[in-house]
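Here is the structure we will look at.
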Amino acid sequence: MTTYYVDTTVSGGLDNGSSWANAWNDLQAAIDKPLAAGDVVLCYSNGDTNKESPGATIDFDGTSGSNSSGGYIKFIGCSTNSGDGSPDGTKYVLDGGGILSPLVYMTSDYLWIENFRFTNASGDGVAAAVGSNADRWVWINCEFDNHGDCGWTCTGDTADYHLFVGCQFYSNTTHGCGSSAQYAWVVNCTFYQNGNHGYLAGNMYSNLFRCAFYDNADGLINASMSAWSYVDSCVFDGTNQSSESSVSMDGDQVLMLASRITNAAIGIQGNSNFATIGWCLFDGNTDDTAQDTLLFHLPFQSDLDLTSNKGVFSEGNPAGSTNKFDPDMDDGYNAASSQDYNLKASRTYNSDGTDTVELGVGS
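Counting from 1 along the sequence shown, just add 669 to a position and that's the residue number in the numbering used here.
Printed below as a string of structure tokens:
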């Protein structure tokens, strides 16, 4: 394993990435180095202070970091340009200047991107093009914001097995994450103030855990779920949408557990067969809780709280299913001896523009 260095503030060094003093001045120089599995590239821009504004799209091309052996090449944003860089969440910032489209191309396998912010492209922020191969990426504590199209996207079956942890997708003109990836895992991420979907699952096997969706475009859908998707402990806040749903289920056999669907015209809408919903809270939806051709299977002890909704599941329920009403918003284990998993999902609006989101289950 070799450690390399990128520092947008460095001057006078050897420009070979061998140390902070000899760091590369831009990210593409590091990518163009033949990196190997296990290599780490520490990147410093002091947040927005000395952000990198590349003159061309950053391209993780297959000749400069493609790795099929299963070992990751890591690019990590740092808080200092000395020692080990002291990674503490401070981001390395790539700014497209309102010109580049996309800001970054994904065309390699097995890459790990941590503490990065991708902002201000004229089109997509991060994209995988048709015909490229960009599988098995890890994104940790990254931001995708203020792009002229999607924050993150891929076209067709070009970027599968991606993991997003603690990322933010916001203020993008269309989707926060316009994904066509199969086998995507999205954990502790937030999607807000996007002009279209917060998350668009264009292919199968999307998995969302402890994510929050709010303030995405009025009249549009917070999250669109494809076939065999799994949703657990998420909040979908339609933010008083006037006509559309907070969640769209467009694929079969979607499983949703312990989530809150609120403040939309319709809580869930779509064309999904055999969607399973349990331990969920529907509140503040002004039309129907769910409608269209949804065929719901409500599992045993799947009490759903339907407080302050105009309607309930309006059609498509198979014979024998029920819409239970559980006013204390627990999971249906009402016996005194049984553990009670109360749903906790709330958002606090702060005056400085940063919202506090609490979500999950627990007494």
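Where a beta carbon is used, it is the ideal one built from N, C-alpha and C, also for glycine.
For clarity, every value in this text was computed on a predicted model and none was experimentally measured.
Bridge partners of residue i, per DSSP?
i	result
Arg929	Val904 and Leu950
Gln851	According to DSSP, Gln851 bridges with nothing at all.
Ala725	DSSP output for Ala725 lists no bridge partner at all.
Trp821	Val795 and Cys846
Val762	Arg786
Specify the secondary structure class of residue i as computed by DSSP and reduced to three states.
i	result
Ala870	strand
Ala706	coil
Leu772	coil
Ala881	strand
Leu696	helix
Arg786	strand
Gln938	strand
Tyr673	strand
Asn719	strand
Gly746	strand
Ala803	coil
Cys858	coil
Val923	coil
Ser755	coil
Cys811	coil
Leu683	coil
Ala690	coil
Suppose the cutoff is 6 angstroms on Cβ atoms and the five residues either side in sequence are ignored; what does the same chain contact list for residue i look like?
i	result
Tyr761	Cys712, Ser714, Gly746 and Phe785
Met873	Gln851, Ser895, Ala896 and Trp897
Glu812	Arg786 and Gln837
Tyr839	Asp814, Tyr861 and Gln862
Ser971	Summary for Ser971: the model assigns pLDDT 38, below 50, so the residue's position carries little reliability, and this model does not support an answer.
Gln697	Ile727
Identify, in the order they occur along the chain, each residue of the same chain with its Cβ nearer than 7 angstroms to the Cβ of residue i, setting aside the five sequence neighbours on each side.
i	result
Asp717	Val762
Here's the rule: buried if 16 or more other CB atoms are within 10 angstroms of the residue's CB, otherwise exposed. What is residue i?
i	result
Thr678	exposed
Asp708	buried
Thr671	exposed
Leu683	exposed
Gly1057	The first residue shown for the chain is 670 and the last is 1032, placing residue 1057 beyond what the model contains.
Asn685	exposed
Ala892	buried
Assess, as a yes-or-no matter, whether the stretch 769-776 is touched by the stretch 740-751 under the definition of 3 or more beta carbon pairs within less than 8 angstroms. Judged by Cβ distances under 8 angstroms, the stretch 740-751 makes no contact with the stretch 769-776, as fewer than three pairs qualify.
Report yes or no: do the stretch 830-848 and the stretch 791-811 share at least 3 C-beta pairs separated by less than 8 angstroms? yes
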